[in-house]
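Below is one structure, written out as structure tokens, with a few remarks after it.
Residue numbers (full-length UniProt numbering): 1 to 869.
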């Protein structure tokens, strides 16, 4: 057909041919159609037919084709300058190089649709734009290294795109199907919901969406490396980096169990960021990785300069894994399960445990290990840290943990510099921990454990020089050692280091007594019950004088031996001693309420009565009694009595029940409380002459609770019950002066309790022997009766002296024996009033103060009432 000719609705049968130079519209071709710089519209190339398009080398002489339909098994070949628009391809389309082509102009495809069984082979610099691959296939590449074939803005729905040598794919969206990059092909800005394989090409700015998969696999045989730059891996994607593959500047935003795998020794990922999901190095190398979330697992590979801002990091697998320049920032966690870490900076938490690999590799720390403020490095026994030079800065902490009694409890490290850091020793019930350092300098704290009862404990060894100032904290214990032996816990090779026991008061509770940390002057420090004694400056020398004629010799005077200061008891010991003295004092306070009731009976008419008293009692016991404390008691007593008149006097008999609660505050810290229940009976005789005699018998049951505060602040708790019995006998005589009276009197009170054994929560054992009290009292009471508004009122004043005679109540704490001593004289000063309000109702009130050498009662108050029948 000539250049200016136009053919419409032509049909080319099988074996028919059209040579097109002009314009063809609506043709159906079952044979052969050749367009040489012609133009065709709506051409249908039937199955088995052929279509050849050869454009001109001149821009304005291009072959053009619009809306062609290429059916299944049809073949199309394209060369030179051809413009192919809106083709619908189900057959095979190939771009070839004409032997006369000087490669100035190349075919261009626009808006093509590639259907099932459709194939377009793009070659020799050809280009495609806005292509829709729907079940078909497009191959883009170039056999001529001087020219690149490109596809741009491609949408793939269930089809395949192959990008090979000298091929470029730009702005591709893969909804389903596959993209294959091979032998040096390149993709840019690819969005993947299907499957993409980079088998030796380069992809740039790839996004792997949820459900998509991506594999990098280069070839060592033909030296094509698979390279991926700036990829974005989203939630739900699956990615693997395989042989001879390199990923650069990736961003991983996966979900839990969304893995990006490095599979082989030649798998590499560089300068990438994990925000979520999992990066797993089965083999290969990761460099400059930033972990903001999710986790990174280096099972058997190598990572360098990894930075953890969040999430987790794991090192170790079946073979040796290595990490260098690891940074663990605040909020992140690293777990070293095997392999080697060289140089690390820790502001978060790092665990190092000794999980041995099949090759025998154990977890190893070496190089410079810096633990910053807030950082925690936790080592488990069995790891190798001998080659690590550690710096613990600010509140950075090193924890030494042991897993079982069969493990080695020994740790080693190189030089340690402490800039305010902490070292915590861990231990099991069957073993203690040792730490050996090459050298030590700076300032910091060591937290150690001991069992002085068996002379075992943690141990710090510094092979060479130690310099600086270090605090040592030792855990308190309630168990006493078998002897007063010292326990060495620190040894250095020299230097001016100073180790100070930093527990409260610079002491540690060890059973009954407190221990001190004392230097031996040879680089060692030991816990001992003896205190450091400051040396005494020697006297100035005296010039010698010529001796006089000697006198007769006399026996030498034996110089006195300087007394040795006894060790200090622990607060737990003091609490045990204090509680032992509480029961007798509670008994005496409750007894005062009964004695006041009997005085009330003697003041007014004698009937049958029910009565009740409330008592509030405050008490202070000083340390000279054994151990000091304060006591606040509140209680109530209920009773009933009946008076019987005889010819020359009155006898009153009664019974009572009382309950009191006492809060105890120990001088050395901590507290306790006592619940007291008692039953008793009394009798009183008043003779007409004014002579009177009272007797009281009482049985108590005490529930004693102790919460002693150890020197470290830890609470040591215990509970025990005791039973006590006691009696009071007192007598006197009234001398009346009208409505006034004076009654001198004398009294004796006795009490004893049973033996008690108990154990505090810190292991301290207490054996409290029967606690006894015998007090004698003598005094005088002055009173006067008068009537106020029909009520009979009798105020009174009592002055007395009380003497406690018992000074040797025994208490055994662990294996140490102590004596409590409440003996001494106390002065008692009391004001009170008895008032008969009506014939049946009587009320009572009194307040008193007592002061003695060991005991002071700032005040005691009784309020009571009785009702007669």
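The beta-carbon is built from N, C-alpha and C at its ideal position, and this holds for glycine as well.
Check this for me: beta carbons of residue i and residue j, under 8 Å apart or not?
i           : j           : result
residue 322 : residue 345 : no
residue 206 : residue 243 : no
residue 149 : residue 178 : no
residue 68  : residue 45  : yes
residue 677 : residue 659 : yes
residue 160 : residue 134 : no
residue 471 : residue 427 : no
residue 873 : residue 371 : Beyond the ends of the chain as shown, which are 1 and 869, falls residue 873; an answer cannot be given.
residue 430 : residue 514 : no
residue 343 : residue 325 : yes
residue 806 : residue 776 : no
residue 396 : residue 417 : no
residue 163 : residue 201 : yes
Taking the alpha-carbon positions, what's the residue i to residue j distance?
i           : j           : result
residue 729 : residue 486 : 53 Å
residue 318 : residue 261 : 16 Å
residue 113 : residue 172 : 14 Å
residue 651 : residue 643 : 6 Å
residue 3   : residue 36  : The predicted model places residue 3 with a pLDDT of 47, which falls under 50 and marks its position as unreliable; any figure quoted below should be read in that light. For residue 3 and residue 36, the distance between alpha carbons rounds to 10 Å.
residue 722 : residue 330 : 55 Å
residue 212 : residue 238 : 6 Å
residue 51  : residue 136 : 19 Å
residue 801 : residue 780 : 10 Å
residue 222 : residue 250 : 26 Å
residue 893 : residue 151 : Residue 893 lies beyond the range of the chain shown here (1 to 869); nothing can be said about it.
residue 86  : residue 225 : 36 Å
residue 141 : residue 47  : 26 Å
residue 711 : residue 504 : 6 Å
residue 767 : residue 591 : 27 Å
residue 279 : residue 84  : 45 Å
residue 55  : residue 187 : 28 Å
residue 381 : residue 410 : 7 Å
Is it right to say residue i is buried, meaning 16 or more other beta carbons lie within 10 angstroms of its own, or is it exposed?
i           : result
residue 557 : For residue 557, the pLDDT reaches just 49, beneath the cut-off of 50, and the residue's location in the model is therefore unreliable, although a value from the coordinates is still provided. That one is exposed.
residue 860 : buried
residue 789 : exposed
residue 584 : buried
residue 624 : exposed
residue 492 : buried
residue 844 : buried
residue 71  : buried
residue 246 : buried
Measuring CA to CA, which of the options is closest to residue i?
i           : options            : result
residue 350 : 386, 307, 155      : 307
residue 305 : 269, 330, 320, 276 : 269
residue 785 : 604, 757, 255      : 604
residue 700 : 587, 462, 779      : 587
residue 574 : 621, 146, 26       : 621
residue 299 : 477, 275, 310, 335 : 335
residue 731 : 765, 750, 692      : 692
residue 388 : 403, 402, 366      : 366
residue 463 : 482, 412, 444, 283 : 412
residue 934 : 820, 793, 854      : With the chain running from 1 to 869 in the structure shown, residue 934 is simply not present.
residue 708 : 628, 284, 311, 286 : 628
residue 615 : 772, 26, 848       : 848
I need the DSSP call for residue i, collapsed to helix, strand or coil.
i           : result
residue 383 : coil
residue 602 : helix
residue 623 : helix
residue 257 : coil
residue 154 : strand
residue 637 : strand
residue 581 : helix
residue 173 : strand
residue 334 : strand
residue 892 : For residue 892 there is no data in the structure shown, the boundaries of the chain being 1 and 869.
residue 538 : Here residue 538 scores only 49 on pLDDT, less than 50, and its place in the model is too uncertain to base an answer on.
residue 590 : helix
residue 73  : coil
residue 770 : coil
Got a sec: is the Cβ-Cβ distance from residue i to anything in chain C below 8 Å?
i           : result
residue 637 : Checking the listed chains, one finds no chain C in this structure; it contains a single protein chain.
Confirm the yes/no value for this check: CB of residue i, any heavy atom of the ligand HEM, distance under 7 Å.
i           : result
residue 417 : Looking at this structure, you won't find the ligand HEM or any other ligand, since it has none at all.
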